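Just so you know, the sequences run in chain order A and B. Per this note's numbering, the very first residue in the first sequence carries number 812; after that it's consecutive. Per this note's numbering, the very first residue in the second sequence carries number 86; after that it's consecutive. Worksheet: one structure, shown below.
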Amino acid sequence: MKIVFSILVVLTGILLWYAMYMALSPNGAPTEQTMGNVQRIFYYHVPSAWTAFILFFINFGASIYYLIKRSPAADIVALVCAEVGVVFCTIVLITGPIWARPVWGIWWTWDMRLTSTLVLWLIYVSYLFLRRFSSSGQTPLLAAALAVMGALCVPFVYFSIWFFRTQHPQPVMGGGGSIDPRMLHVLLLNWLAFSCFAFLVCWSRYRLEKLQRQVDEAHAMRSLMDEPRMGEPRTGEPPSQARSAR
Amino acid sequence: MTTNPYLFAAYAVTWIIHIVYLSTIVSRYARLKREIDELKK
């Protein structure tokens, strides 16, 4: 398994490097005539958004499965996808304004697409806070319910530019927008690279979470074994003293 | 290609975020390894 993981890491590294070269080089993607080179931010911004949406949908599926079957593996998958999805969504929220400043002349506007993306990010950040700071046994259940509600926001974010008048550009695919085929090729290449990268990060994070739960269980078992049984003297306490205390 | 500061900032921020996140995973893994070693003793 370690060898497979190492091979995938190397292949993904090469793919990411090639995708970045294609995104930045005029030999890969042509320079956009109106915006110039700043348009190349699009090759990181859009694939990051798509990857985040896919991770949130996997989180949704895993949460539903957890609610039905109470499977700990599904709970871990949901947690991991939400965490990595938040990382990608953070990149979307930062690279968007960096693109908007030279193109629109402003960093941010309370436009429907931007605002709904921020709300989506806040929902999943609150999901992670719930997972991190709640020690109740009901936490996975509550988190799964929150994730199901959060996932409903994803289609709203995606289709918001169809239903509302916004400043945000039209979708690249399926929304009436058009794109040069070479640009589309570089965009899809970057999406593939980011998806492979996200998959590997989720895999590592899944193994880490599983290990963390095993260690927590081992700690709990040890503390149970250290706990004196009813009537038994505590460690270091002479038996006679224990009897008199009874 | 002339370097656009906004383009550079966007790509740099993306990789900084990924590297910071990956380093937190690595440090958590190292901490867990230490805990496992202590549990084994």
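C-beta: ideal position from N, C-alpha, C; glycine also. These figures come from a predicted structure and were not determined experimentally.
Query raised in the report: At a Cβ threshold of 8 angstroms, is I852(A) touching chain B?
Result: yes
Query raised in the report: Since A1004(A) and V895(A) are thought to touch, with beta carbons under 8 angstroms apart, how far apart are those beta carbons, to the nearest angstrom?
Result: That pair is no contact at about 15 angstroms.
Query - Interface flag, I825(A) vs chain B, CB-CB below 8 angstroms - result: no
Query raised in the report: If we count the other Cβ atoms within 10 Å of its Cβ and call it buried at 16 or more, is A873(A) buried or exposed?
Result: buried
Query raised in the report: Are there 16 or more other CB atoms within 10 angstroms of the CB of T862(A), so buried, or fewer, so exposed?
Result: So T862(A) counts as buried.
Query - Any chain B beta carbon closer than 8 angstroms to L1022(A) - result: For L1022(A), a Cβ of chain B is located within less than 8 angstroms of the residue's own Cβ.
**Report entry** Min CB distance Y855(A) to chain B below 8 angstroms
**Finding:** Chain B has a Cβ within less than 8 angstroms of the Cβ of Y855(A).
**Report entry** chain B contact for R912(A) (CB, 8 angstroms cutoff)
**Finding:** yes
Report task. Starting from the beta carbon of S1015(A), find every residue of chain B whose beta carbon is closer than 7 angstroms, and list them in chain order. Result -> I110
Query - Euclidean distance between Cα positions of F853(A) and T842(A) - result: Rounded to whole angstroms, F853(A) to T842(A) spans 12 angstroms at the Cα level.
Query raised in the report: According to the Cβ coordinates, are R924(A) and I972(A) closer than 8 angstroms?
Result: yes
Requested in this report: Would you kindly work out how many angstroms separate the C-alpha atoms of A830(A) and I909(A), rounded to a whole number?
Outcome: Across the structure, A830(A) and I909(A) are spaced so that their CA atoms are roughly 20 angstroms apart.
Query raised in the report: Are the segment 947-962 of chain A and the segment 866-886 of chain A in contact at 8 angstroms, needing three or more beta carbon pairs?
Result: With a cut-off of 8 angstroms on Cβ pairs, the segment 947-962 of chain A is in contact with the segment 866-886 of chain A, counting three or more such pairs.
**Report entry** Spatial neighbours of L939(A) in its chain, beta-carbon cut-off 7 angstroms, leaving aside the 5 residues before and after
**Finding:** A893, E894 and V897
**Report entry** Beta-ladder partner(s) of G847(A), from DSSP
**Finding:** E843(A)
**Report entry** 6 angstroms Cβ shell around Q1052(A) - same chain, five flanking residues per side excluded
**Finding:** Its pLDDT being 47, under 50, Q1052(A) is placed unreliably in this model, and the coordinates cannot settle the point.
Query - I121(B): contacting residues in chain A (beta-carbon distance under 7 angstroms) - result: V1026
Query raised in the report: Taking the alpha-carbon positions, what's the R851(A) to P913(A) distance?
Result: Each residue's alpha carbon lies about 13 angstroms from the other.
Query raised in the report: Shorter than 8 angstroms from the beta carbon of A955(A) to some beta carbon of chain B?
Result: No - not a single Cβ of chain B is within 8 angstroms of the one on A955(A).
Query raised in the report: CB F899(A) to CB S859(A), shorter than 8 angstroms?
Result: In this structure, F899(A) places its C-beta atom within 8 angstroms of the C-beta atom of S859(A).
**Report entry** Straight-line gap, M975(A) to V997(A) (C-alpha atoms, nearest Å)
**Finding:** Checking the sequence shown, residue 975(A) turns out to be Phe, not Met. Each residue's alpha carbon lies about 29 angstroms from the other.
Report task. Answer with buried or exposed for W921(A), where buried requires no fewer than 16 other C-beta atoms within 10 angstroms of its C-beta. Result -> exposed
Query raised in the report: Which residues, in order along the segment 880-910 of chain A, keep a beta-carbon less than 7 angstroms from a beta-carbon of chain B?
Result: Residues passing the 7 angstroms Cβ filter: V898, T901, I902, I905, T906, I909 and W910.
Query raised in the report: Are the C-beta of R1054(A) and some C-beta of chain B separated by less than 8 angstroms?
Result: Unreliable placement is indicated for R1054(A), whose pLDDT of 43 sits below 50; the coordinate value is still reported in the next sentence. Output row for R1054(A): interface = no.
Query raised in the report: Given V959(A), which residues of its chain have a CB within under 8 angstroms of its CB, disregarding the five upstream and five downstream residues?
Result: F871, S874, I875 and L878
Requested in this report: Consult DSSP for M833(A) and reduce its assignment to one of helix, strand or coil.
Outcome: helix
Query raised in the report: Is W915(A) helix, strand or coil when you go by DSSP?
Result: helix
Query raised in the report: Which whole-angstrom value is the C-beta distance of V1026(A) and I121(B), which I expect to be below 8 angstroms?
Result: 6 angstroms
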